[in-house]
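J.:
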Amino acid sequence: MGKKIRLTTAQALVKFLNQQYIHVDGEEFPFVEGVFNIFGHGNVLGIGQALEQEAGHLKVIQGKNEQGMALAAVAYSKQMLRRKIYAVTTSVGPGSANLVTAAGTALANNIPVLFLPGDTFATRQPDPVLQQVEQEYSAAITTNDALKPVSRYWDRVTRPEQLMSSLIRAFEVMTNSATAGPVTVAISQDVEGEAYDYDEAFFKKRVHYLDRKAPVEREIQGAVELIKASKKPLILVGGGAKYSGAREILMELSKKHHIPLVETQAGKSTVEATFKNNLGGMGVTGTLSANKAAKQADLIIGIGTRYTDFATSSKTAFDFDQAKFLNINVSRMQSYKLDAFQVVADAKTTLEQLAPLLEGYVSEFGDIISELKAEWLNERSRLANVEFKRESFDPEIKGHFSQEVLNEYADALGTELAQTTALLAVNEAVDPDSNVITSAGSLPGDMQRIWNPAVPNTYSVEYGYSCMGYEISGALGIKLAEPEKEVYSFVGDGSFLMLHSELVTSIQYNQKINVVLFDNSGFGCINNLQMGNGMGTYFTEFRTHDNQIMNIDYAKVAEGYGAKVYRVNTASELKAAIEDAKKQTVSTLIEIKVLPKTMTEGYENWWHVGNAEVSESPSIQKAYEENSKMLEKAKQY
1 MGKKIRLTTA QALVKFLNQQ YIHVDGEEFP FVEGVFNIFG HGNVLGIGQA LEQEAGHLKV
61 IQGKNEQGMA LAAVAYSKQM LRRKIYAVTT SVGPGSANLV TAAGTALANN IPVLFLPGDT
121 FATRQPDPVL QQVEQEYSAA ITTNDALKPV SRYWDRVTRP EQLMSSLIRA FEVMTNSATA
181 GPVTVAISQD VEGEAYDYDE AFFKKRVHYL DRKAPVEREI QGAVELIKAS KKPLILVGGG
241 AKYSGAREIL MELSKKHHIP LVETQAGKST VEATFKNNLG GMGVTGTLSA NKAAKQADLI
301 IGIGTRYTDF ATSSKTAFDF DQAKFLNINV SRMQSYKLDA FQVVADAKTT LEQLAPLLEG
361 YVSEFGDIIS ELKAEWLNER SRLANVEFKR ESFDPEIKGH FSQEVLNEYA DALGTELAQT
421 TALLAVNEAV DPDSNVITSA GSLPGDMQRI WNPAVPNTYS VEYGYSCMGY EISGALGIKL
481 AEPEKEVYSF VGDGSFLMLH SELVTSIQYN QKINVVLFDN SGFGCINNLQ MGNGMGTYFT
541 EFRTHDNQIM NIDYAKVAEG YGAKVYRVNT ASELKAAIED AKKQTVSTLI EIKVLPKTMT
601 EGYENWWHVG NAEVSESPSI QKAYEENSKM LEKAKQY
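The structure is reproduced here in structure tokens:
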């Protein structure tokens, strides 16, 4: 029998976390960077005591909201290309319930993160304890059961020795490219403090190898045949391409064979925007050039993508009568999407093996690629110079407000600044290697279309779950991942109100982030959706009881926390604020008052949103008829 070490379950957990390493492409480093915590009665005397006693190399960071700190952990892992994580510990009850949104965000984006919520007593001696929910059908149900559908792996530890098999399974899931996602290991609060004689071998250095899965010969030959038989292939760059580090081989294949690149939100900045064959984002929030190229393509090469409705324009982005699909993905499930030919393998490895077999092949896109890109760059330039006119302003957006209402907003917010003009002014002013992040509302659409990353892996938009509140929390996670770079969080006023707790954490730990807040006094994106589909404006504007537009001083909120703040409503003021913010060592917030209906509109796309089939409103009836026609053109699988 090996040597035994007597530890509490929580102490064993912390000791184990310190010994987990990952090996990627010849490099080896610790997998767990640290632990975010909000301590309560379900974890403070267990995991809290263990960390206080001996945290090892783990960085311990106090969060301000369980969802907020968990989202920071998600963004950290994403920015580290899923090769390092933070663990997150909470108390029982509301603390663990607050993890559900973050877990869903991690699951939708295939991001590994370790959730360690406390749980109720394994002995059940004092049941029901504070914050314990009760169900008549089972005494075993706790709040943590809500995390089951949003966890890639879920377990409850009710005996100290169960920790060993549970953690080994958890780390197998998180370090597996095909299954990477959130893991929940809930530990009963009495068990956290219970001692056990653990085998010493359990705490030895454990290396998890992130090996690249190579395609089999059948897959390679099938892929080569499809590409060579195509006239106009198109490469759709997804998040899997970024995590695989496929930038160089993508550029090589694109240049050599005249194959245009288009991007999903997760795949954007895998290849920088300045690359001549990069046509930008595709789909509902895509560019005109990318969507035009997609319509012409007869082969879609999807690399590490889930083909969400935004990327595929609800399965209308392609000419399904002529287009075939070739999917390269480490996930077998994802590779089957759109009835594609499947290559279940690592993106970089697969493309490198394809390269020598495609010698002599050239697509028929030719000069079309540069023509499409030039057309889009002209449109982007126009969007940088949108001017508001009180008599004849035309924001070119479906379902826009009347001129009278736009004038009302201009007066109430004291601004005539368009959102696209502001965003492109920021793009011009920030340092090229700066990281940017956003998540929900109209900003992800604007960002995917008009933000041009000049440096790879500097664009981190979460649009797999479109999680409001991710923006500021995620900025903290990115700063922890790359502290030497500036990070800019683009957030709407609606998302800011929903969650900005970790702005305080960034100030507390001297992790400078820059919050760029676009205030149009409402949930502008959903207002566009309802008005563009025949509705009026209904509970999406921020108006008072007497119908006055609200003008909230968000800068004062951040100033109270200790941030450096700026209030701007012109492009020149905005550029000056960006320059001054670069000089600061504390977190900053730039409050920009922008007019509603001045974000980008769609370019040759459609989004299936479920219109009302029955209505007395002619405009809603018309919207239903138009969407029904589009649905007839859509692929159903």
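Going letter by letter, the sequence shown gives residues 1 to 637 in full-length UniProt numbering.
Think of the CB as a built atom: it goes at the ideal place given N, C-alpha and C, for glycine as much as any other residue.
(1) Report yes if the CB atom of Glu-462 is closer than 7 Å to the CB atom of Ser-495, and no otherwise.
(2) On the criterion of 16 or more Cβ atoms from any shown chain inside 10 Å, does Gly-2 qualify as buried, or is it exposed?
(3) Would you decide whether His-258 is buried or exposed? Buried here means 16 or more other CB atoms lie within 10 Å of its CB.
(4) Give the range of the beta strand (DSSP E) segment to which Pro-233 is assigned.
(5) CA-CA distance, Lys-398 and Leu-288?
(6) Would you mind sorting Ile-168 into buried or exposed? The rule is 16 or more other CB atoms within 10 Å of its CB.
(7) If you follow the beta strand (DSSP E) that His-23 is part of, which residue opens it and which one closes it?
(8) For Phe-490, which of helix, strand or coil comes out of DSSP?
(9) Give me whichever residues DSSP pairs with Val-455 in a beta bridge.
(10) Which same chain residues end up closer than 6 Å to Thr-349 when comparing Cβ atoms and leaving out the 5 residues on each side of it in sequence?
(11) Among Glu-604, Ala-178, Pro-182, Val-343, which residue has its Cα nearest to the Cα of Asn-147?
(12) Between which residues of its own chain and Glu-217 is the CB-CB distance below 8 Å, once the five residues before and five after are set aside?
(13) Beta-carbon within less than 6 Å of Ile-5's beta-carbon, same chain only, minus the 5 sequence neighbours each way: which residues are those?
(14) Distance, Cα to Cα, Thr-90 vs Val-100?
(15) When DSSP builds the beta bridges, which residues end up paired with Ile-301?
(16) If you run the structure through DSSP and keep just helix, strand and coil, what is Gln-584?
(17) Less than 7 Å between C-beta atoms, sequence neighbours within five positions excluded: which residues of the same chain meet that for Lys-205?
(18) Check for me: the beta strand (DSSP E) holding Pro-444 runs from which residue to which?
(19) Kindly identify the DSSP beta-bridge partner or partners of Glu-263.
(20) Among the residues of its own chain, which have a CB less than 7 Å from the CB of Val-129, if the five just before and after it don't count?
(21) Within a Cβ cutoff of 7 Å, which residues of the same chain sit near Gly-602, ignoring the five residues on either side of it in sequence?
(22) In its own chain, which residues sit with a C-beta less than 6 Å from the C-beta of Ile-220, not counting the 5 before and 5 after it?
(23) Hey, could you find the ends of the alpha helix (DSSP H) Asn-551 is sitting in?
(24) CB-CB under 7 Å to Thr-570, same chain, minus the five flanking residues each way: which ones, in chain order?
(25) Could you tell me whether the region 42 to 49 touches the region 229 to 240, where touching means 3 or more Cβ pairs closer than 8 Å?
(26) Report all residues from its chain with a CB closer than 7 Å to the CB of Val-586; omit the five preceding and five following residues, and keep chain order.
(27) By DSSP, does Arg-152 sit in helix, in strand, or in coil?
(28) Alpha carbon to alpha carbon, what distance is there between Gly-536 and Gly-522?
(29) Once DSSP output is grouped into helix, strand and coil, what is the label at Ser-402?
T.: Looking at the coordinates:
(1) no
(2) exposed
(3) buried
(4) 233 to 237
(5) Low confidence applies here, because Lys-398 scores a pLDDT of 47, under 50, leaving its location unreliable; read the following figure in that light. Going from the Cα of Lys-398 to the Cα of Leu-288 covers about 17 Å.
(6) exposed
(7) Start and end: 20 to 24.
(8) strand
(9) BP columns for Val-455 are empty, so no partner.
(10) Arg-212, Ala-214
(11) It is worth fixing the name first, because residue 147 is Leu in this sequence and not Asn. When only C-alpha atoms are compared, the closest one is Pro-182.
(12) none
(13) Tyr-198, Glu-200
(14) 12 Å
(15) Ile-235, Leu-326
(16) Reduced to three states, the DSSP call for Gln-584 is coil.
(17) Spatial neighbours of Lys-205 in its own chain (CB-CB distance under 7 Å, excluding positions within 5 residues in sequence) are listed in chain order as Gln-19, Tyr-21.
(18) That residue, Pro-444, is in no beta strand (DSSP E); its alpha helix (DSSP H) goes 443 to 450.
(19) Val-237, Gly-281
(20) Result list for Val-129: Thr-120, Phe-121, in chain order.
(21) Val-284
(22) Counting only Cβ-Cβ distances below 6 Å, and skipping sequence neighbours, we find Gln-353.
(23) Careful: Asn-551 lies outside any alpha helix (DSSP H) and carries neither H nor E.
(24) A distance below 7 Å between beta-carbons, with the five flanking residues on each side excluded, links Thr-570 to the following residues of its chain, in chain order: Leu-417.
(25) no
(26) Ile-507, Lys-512, Gly-562, Ala-563, Lys-564
(27) coil
(28) 14 Å
(29) Residue state, collapsed to three classes: coil.
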